[in-house]
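Those letters in the sequence shown? Residues 45 to 296, per the working numbering, in order. Virtual Cβ for every residue (Gly too), placed ideally from N, Cα, C. Below is one structure, written out as structure tokens, with a few remarks after it.
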Amino acid sequence: MRPLYIDGNCETQVGLEAPALKVSVPEQAVQLFPLQRISRVVVSGGVQWHTAALLACADQGITVTFLADGGTVAARWLGKGGERQCVMQRLADLMARADGKDCYENWYQAMERMVVQSAAKSLLKNPDVVVTRDELQAFLGEQQENLPVQPFKQIHNTVRGLLSAHVVELFQNSGLDAESELLQEQWLDLPNDFVQLLLWDFQVPLLLWLESQVACPDYRQRVEFYDSRARRIDRLYQGLMNKLQRWLVELF
């Protein structure tokens with residue numbers, strides 16, 4: 045299975061020709077994408093969708109993420125999630141605890157220190173040196189401002205949007221229903237927190253990639269950059285999820 049990226053305009057249409065999505069672009073041949081081969085769909089631009097196509101994606105458990113012009117996530121169409129795992133009940137128990145918020149924040153901060161240090165290792169000659177989040181952010185900010193390719197923020201937002209779509213799919217594959225209020229309630233926004241943690245793995249590679257570019261990469265080039273790291277994100281996500289599950293088991 046592979047993600048389907050659709051970069052179009054108001055004249056691009058997505059319909060259903062079962063068992064495939066039908067993408068129609070004026071003056072181009074119609075393209076068919078079998079649903080069973082699609083892991084997720086990411087849409088950039090004002091693409092017109094037929095209701096039947098959206099419902100077919102939902103039935104197949106395929107999440108459709110719509111990106112705004114700046115690359116940020118504008119909306120999501122969520123597919124059916126898998127069966128609930130015990131982690132959902134443990135999250136409910138965590139929400140019910142008086143100290144649940146503090147416990148979770150401690151876990152998140154520990155994970156953040158881990159991913160920040162991992163990102164810093166590629167920049168430090170001495171891997172034993174501990175770097176804080178603020179220190180690394182300040183350094184990266186200076187490097188981003190000096191990049192010959194701009195606007196960096198828009199490129200970064202595109203990568204974040206692609207990552208967000210990927211994480212929602214990974215949550216559903218883990219048996220965590222993307223529609224569950226437990227994942228996004230009060231102080232607990234688990235999908236967004238995972239995106240924040242995993243985004244650190246892109247910071248240095250994104251800088252190095254942009255330093256090698258002679259012009260601002262278009263959307264297709266940004267997608268190719270993201271896809272080159274997608275399998276690594278799969279592994280890192282699973283590592284984070286395993287750590288979360290072990291922590292919840294130990295907590296209860």
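Query	Result
Span of the beta strand (DSSP E) around G59	Q57 to E61
Simplified DSSP assignment, three categories, for P47	strand
Per-residue DSSP class, three states only, for I82	strand
A73, DSSP secondary structure in three states	coil
Separation of N190 from L251, as counted between CA atoms	10 angstroms
R120 versus V211 - alpha carbon distance	12 angstroms
Contact under 8 angstroms by Cβ, I350 with V67	Nothing about residue 350 can be reported from this structure: the residues present for the chain run from 45 to 296 only.
Bounding residues of the alpha helix (DSSP H) (the contiguous stretch that carries L191)	It is not in any alpha helix (DSSP H) - L191 carries neither H nor E in the DSSP assignment.
Buried/exposed call for S208, threshold 16 Cβ in 10 Å	buried
Endpoints, alpha helix (DSSP H) assigned at A96	T95 to D103
C-beta atoms of L234 and Y281 nearer than 8 angstroms	no
Distance between L295 and A140 (C-alpha atoms, nearest Å)	13 angstroms
Helix, strand or coil at S166 according to DSSP, with G and I counted as helix	coil
D278, DSSP secondary structure in three states	helix
Inter-residue Cα distance where the pair is L206 and K145	28 angstroms
Beta-carbon contacts of R134 that lie in its chain and below 7 angstroms, excluding the five residues immediately before and after	L292 and F296
Burial state of V117, where buried means 16 or more other Cβ atoms lie within 10 Å	buried
Rounded C-alpha distance that separates E268 from D143	43 angstroms
Sub-8 angstroms separation of V108 and L220 beta-carbons	no
Cutoff 8 angstroms; reference I199; Cβ partners in own chain excluding five residues on either side	G115, V193, L250, L254, C260, P261 and R266
Residues near S239 by beta carbon distance below 6 angstroms, same chain, minus five either side	As written in the sequence, residue 239 is Val, which differs from the Ser given in the question. Only L207, S208 and V211 meet the Cβ criterion.
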